[in-house]
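Participant: Per our numbering, the very first residue in the sequence shown carries number 1; after that it's consecutive.
All C-beta atoms in this analysis are idealised placements derived from N, C-alpha and C, irrespective of residue type, glycine included.
Before I ask anything, let me first share the structure, which is written out below as structure tokens.
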Amino acid sequence: MERQEYTNKELARDYLSVAALSMSNNHMTFLLRQVNIIAQSEVDIPEFYREHGSLAGLEVNGIGKKAKYILELILEKGVDKAWEIIQEETIREEQARWQFGTSYKPNHESWDDDTAKIQAAWLTAYW
Numbered sequence: 001m002e003r004q005e006y007t008n009k010e011l012a013r014d015y016l017s018v019a020a021l022s023m024s025n026n027h028m029t030f031l032l033r034q035v036n037i038i039a040q041s042e043v044d045i046p047e048f049y050r051e052h053g054s055l056a057g058l059e060v061n062g063i064g065k066k067a068k069y070i071l072e073l074i075l076e077k078g079v080d081k082a083w084e085i086i087q088e089e090t091i092r093e094e095q096a097r098w099q100f101g102t103s104y105k106p107n108h109e110s111w112d113d114d115t116a117k118i119q120a121a122w123l124t125a126y127w
């Protein structure tokens with residue numbers, strides 16, 4: 001697969017669509033802040049990844065280990081494959097939580113609709 005050349009804004013847009021899969025509705029405000037941090041970062045994140053081969057040394061407040069993992073997936077494998085990987089991981093995690101007696105039962109049917117609403121809200125606010 002040929003890698004896409006990204007700007008921080010484009011990477012932030014794709015990060016939103018992938019990261020929203022693993023976030024509960026309670027964390028969407030946090031996710032939108034994180035997306036804004038990525039979009040407006042003074043560090044060229046895709047260039048940093050090209051130079052270092054990972055985001056391990058990236059020091060941008062608000063971009064933690066999980067965010068770096070998702071960003072690396074997008075940059076390395078493309079947004080569609082990253083989306084598939086995160087969706088599979090999230091489903092496994094939610095099924096494990098549900099199996100071990102947490103009160104939360106996963107509702108995977110709503111993910112696509114929620115993701116679309118979040119993207120639309122963010123794109124309206126920032127583009």
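#1: Evaluate A96 with the Cβ neighbour count: other Cβ atoms within 10 Å of its Cβ, from every protein chain shown; 16 or more gives buried, anything less gives exposed.
#2: Shortest alpha-carbon distance to I70 belongs to which of E89, H27 and H52?
#3: Going by DSSP in three states, Q4 sits in which element: helix, strand or coil?
#4: Starting from L55, follow the alpha helix (DSSP H) in both directions and report where the run begins and ends.
#5: Mapping DSSP to helix, strand and coil, what is I133?
#6: Near H108, which residues of its chain fall below 7 Å by C-beta distance, leaving aside the five closest residues on each side in sequence?
#7: Are the Cβ atoms of I38 and Y15 separated by less than 7 Å?
#8: Buried or exposed: which applies to Q4, given that a residue is buried once 16 or more other Cβ atoms fall within 10 Å of its Cβ?
#9: Helix or strand or just coil, what does DSSP make of N61?
Facilitator: Looking at the atomic coordinates:
#1: By one-based count along the sequence shown, residue 96 stands at place 96. The residue in question, A96, is exposed, as its Cβ has fewer than 16 Cβ neighbours within 10 Å.
#2: Here residue 70 refers to the residue found at position 70 of the sequence shown. Looking at the Cα atoms, E89 is the closest of the given residues.
#3: Walking along the sequence shown from the start, residue 4 turns up at place 4. Coil at Q4, not helix or strand.
#4: Counting from 1 along the sequence shown, the entry for residue 55 is found at position 55. Looking at the DSSP string, L55 is not in any alpha helix (DSSP H), and its letter there is neither H nor E.
#5: Residue 133 lies beyond the residue range present for the chain, which begins at 1 and ends at 127; the question has no answer from this structure.
#6: The residue given as residue 108 occupies position 108 in the sequence shown. At H108 the pLDDT is 48, less than 50, meaning the model places this residue with poor confidence; the figure from the coordinates comes in the next sentence. Within the same chain, H108 has close Cβ partners I91.
#7: On the sequence shown, residue 38 is found 38 positions in, with the first residue counted as 1. On the sequence shown, residue 15 is found 15 positions in, with the first residue counted as 1. Yes. Within cutoff.
#8: Within the sequence shown, the letter at position 4 stands for residue 4. Q4 should be labelled exposed.
#9: Indexing the sequence shown from 1 puts residue 61 at position 61. Coil.
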